[in-house]
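A.B. asks: For the sequence shown, the working numbering gives the first residue as 1375, with consecutive numbering after it. Backbone N, C-alpha and C define an ideal beta-carbon position, used for all residues, glycine too. Please read these numbers as outputs of a predicted model, since none were measured by experiment.
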Amino acid sequence: MIKKFTTYLILAAIIFLFSCTDKFDPNLDVMPTGGTGNIGDTVYVQLSPDWTGFNEPKDMIIGKDNFLYIADTENDRVVMMDISGAVIGSINIKKPVAIEQDYRLNLIVCGKYDYTKDGITTTFGAVYKLNLFEVDHDITAAVPKLILPDTTKLSDLSRPSRQYTGVCVFADNSYYIGRTGPSNSSAISPDNAIMHYQVLKDSIGNRYDSFKEILPRFEPLGTGIRSTNEISSLTSFNFPTRDFIVTLETNSFKSQWLQFVRTADFEGYETRIEVGREFMLPNKFGKPEDAAVDNANNIYIADSQKDSVFIFNSFGDELQSFGGSELFDSPHAVAFFDKTLYVLDTKNDRIVRFILSTEIE
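1) Under 8 Å between C-beta atoms, does Glu1700 make it to chain D?
2) Three Cβ pairs or more, each shorter than 8 Å: is that satisfied between the region 1667-1681 and the region 1638-1645?
3) DSSP beta-bridge partners for Phe1686?
4) What are the residues that DSSP puts in a beta bridge with Gly1540?
5) Find the nearest neighbour of Leu1701 within the set Ala1709, Asp1691, Asp1719 and Asn1480, judged by alpha-carbon distance.
6) Does DSSP put Ala1417 in a helix, in a strand, or in coil?
7) Are Leu1715 and Arg1724 closer than 8 Å when you measure CB to CB?
8) Identify, in the order they occur along the chain, each residue of the same chain with its Cβ nearer than 8 Å to the Cβ of Asp1703, setting aside the five sequence neighbours on each side.
9) For Gln1633, which beta-bridge partners are listed by DSSP?
10) On the three-state DSSP scale, how would you describe Tyr1382?
11) What's the C-alpha gap between Asp1446 and Pro1564?
12) Count the other CB atoms within 10 Å of the CB of Pro1662; is the residue buried (16 or more) or exposed (fewer)?
13) What is the C-beta distance between Leu1506 and Leu1479, in whole angstroms, given that I count them as a contact (C-beta under 8 Å)?
14) Below 8 Å on the Cβ atoms is my guess for Ile1619 versus Gln1630; work out the distance and round it to an integer in Å.
15) Evaluate contact between the region 1600-1615 and the region 1542-1554, counting only Cβ atoms and requiring at least three cross-stretch pairs below 8 Å.
16) Spatial neighbours of Asn1558 within its chain, please: C-beta separation below 8 Å, excluding the five flanking residues on both sides.
17) Taking Phe1711 as the reference, give the member of Ala1515, Thr1426, Ser1529 and Met1434 with the closest Cα.
18) Would you identify the three-state DSSP class for Ala1460, choosing helix, strand or coil?
19) Buried or exposed: Leu1622, going by 16 or more other Cβ atoms within 10 Å of its Cβ?
20) Under a three-way DSSP split, which group does Asp1712 fall into?
21) Would you mind giving the Cβ-Cβ distance between Ala1516 and Ile1465, rounded to the nearest angstrom? I have them listed as a contact below 8 Å.
22) Mapping the DSSP letters down to three states, classify Asp1664 as helix, strand or coil.
Listed below in structure tokens is the structure:
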């Protein structure tokens, strides 16, 4: 039933999207950088209307089920929409900032959690999991399961300054959580870290989330490759691999494609794109907040400081970048689906959509 419904929505949305486009002035809204600018004679064309009704949303994905999920941060909710822009439903979660969906259609959400003991309430960074399958995809009926903090562990309840800022999932439904915080002297568990969770089964077949490790060989205060210094997002790929893209606030290389390598002498992550490519130029980005990849492994970066979206091929060459304060105000997320680019324009409280001019007949 869901599969048929989703297929119908995709077909309806394609007709809708291509029937309402507004081409904007490329001299105003297309911002070439590094001499690349447009791709040949093509530009990105803005679709109408914008999707509004949010309050400083911080993240957005197009899920494995082809629905949009928006972390509507200041409205304390996660919103579910179809690709025509209709709101399907929402669920209350305090200050959501990052969201992802696994291959069993569970949502994983980073936000906040209020813990009360002896009449005193403390707010912690938190990670929730929502099982949409067991409620027939009715997000309003889903029950958020608290993954972090673990309220049975004193170590978790003693660190309210720890925040969870990014999440990505892999083909086996394991996932990484990006964590930030001020305490980074520990060699075992610094606040700035990437946490690896796996999904296991108990003796009667029930699935549960299990913490496996803090990813090794990452520098919590580093400014180079394999750093976890103030992670702003994690993004995995659309094929079976353990590669991911990390964006960081404090680093010379603020966006990195990290490739998982296993040899006789080494097992871990190395940079996939070599330093010196446009994607890997020092201080190329101002404050990258999110990354997305399409099926050709082109990379899209939302930069809130530069009010722009940067686009690169899989080799790290810049294809096109556009935006500026006339178009965006602190974009925090980007997604790509069915030839359409979605940008979460955070301070303007909206989602803006674009297609390449070559896709318009």
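C.D. replies: Here's the rundown:
1) Among the protein chains of the structure shown there is no chain D, as only one such chain exists.
2) no
3) Walking along the sequence shown from the start, residue 1686 turns up at place 312. DSSP output for Phe1686 lists Ile1673 and Glu1692 as bridge partner(s).
4) Here residue 1540 refers to the residue found at position 166 when the sequence shown is read from its first residue. Beta-bridge partners assigned by DSSP to Gly1540: Gly1552.
5) Position 327 of the sequence shown, counting from 1, holds the residue named residue 1701. Residue Asp1719 is the option with its Cα nearest to Leu1701.
6) As a working mapping, residue 1417 is identified with position 43 in the sequence shown. One point to set straight first is that residue 1417 is Val, not Ala, in the sequence displayed. Coil.
7) Along the sequence shown, read from residue 1 onward, the residue named residue 1715 stands at position 341. Along the sequence shown, read from residue 1 onward, the residue named residue 1724 stands at position 350. Going by C-beta atoms, Leu1715 is not nearer than 8 Å to Arg1724.
8) Indexing the sequence shown from 1 puts residue 1703 at position 329. Once the five neighbours on either side are set aside, the close Cβ partners of Asp1703 are Asp1681, Asp1719, Thr1720, Lys1721 and Asn1722.
9) Taking the first residue of the sequence shown as 1, we reach residue 1633 at position 259. Paired residue(s): Glu1644.
10) Looking up residue 1382 in the sequence shown gives position 8. Here the model assigns Tyr1382 a pLDDT of 43, short of 50, so the residue's position is not dependable and the matter cannot be decided.
11) Position 72 of the sequence shown, counted from the first residue, corresponds to residue 1446. Position 190 of the sequence shown, counted from the first residue, corresponds to residue 1564. Each residue's Cα considered, the two are about 29 Å apart.
12) In the sequence shown, the residue the question calls residue 1662 occupies position 288. Buried.
13) Stepping through the sequence shown from its first residue, residue 1506 is reached at position 132. Stepping through the sequence shown from its first residue, residue 1479 is reached at position 105. Rounded, the Cβ-Cβ distance is 5 Å, consistent with contact.
14) By 1-based counting over the sequence shown, the position of residue 1619 is 245. By 1-based counting over the sequence shown, the position of residue 1630 is 256. Confirmed, about 7 Å.
15) yes
16) Position 184 of the sequence shown, counted from the first residue, corresponds to residue 1558. Cβ neighbours of Asn1558 beyond the five flanking positions: Pro1564, Asp1565, Asn1566, Pro1594 and Leu1595.
17) Here residue 1711 refers to the residue found at position 337 when the sequence shown is read from its first residue. It is Met1434.
18) Here residue 1460 refers to the residue found at position 86 of the sequence shown. In the structure shown, Ala1460 sits in coil (DSSP, three-state: anything other than H, G, I, E or B).
19) Numbered from its first residue, the sequence shown carries residue 1622 at position 248. Buried, since its Cβ has 16 or more Cβ neighbours within 10 Å.
20) By 1-based counting over the sequence shown, the position of residue 1712 is 338. If DSSP states are grouped into helix, strand and coil, Asp1712 belongs with coil.
21) Walking along the sequence shown from the start, residue 1516 turns up at place 142. Walking along the sequence shown from the start, residue 1465 turns up at place 91. Indeed they touch by this definition, with Cβ atoms about 6 Å apart.
22) Numbered from 1 along the sequence shown, position 290 holds the residue referred to as residue 1664. Three-state result, Asp1664: strand.
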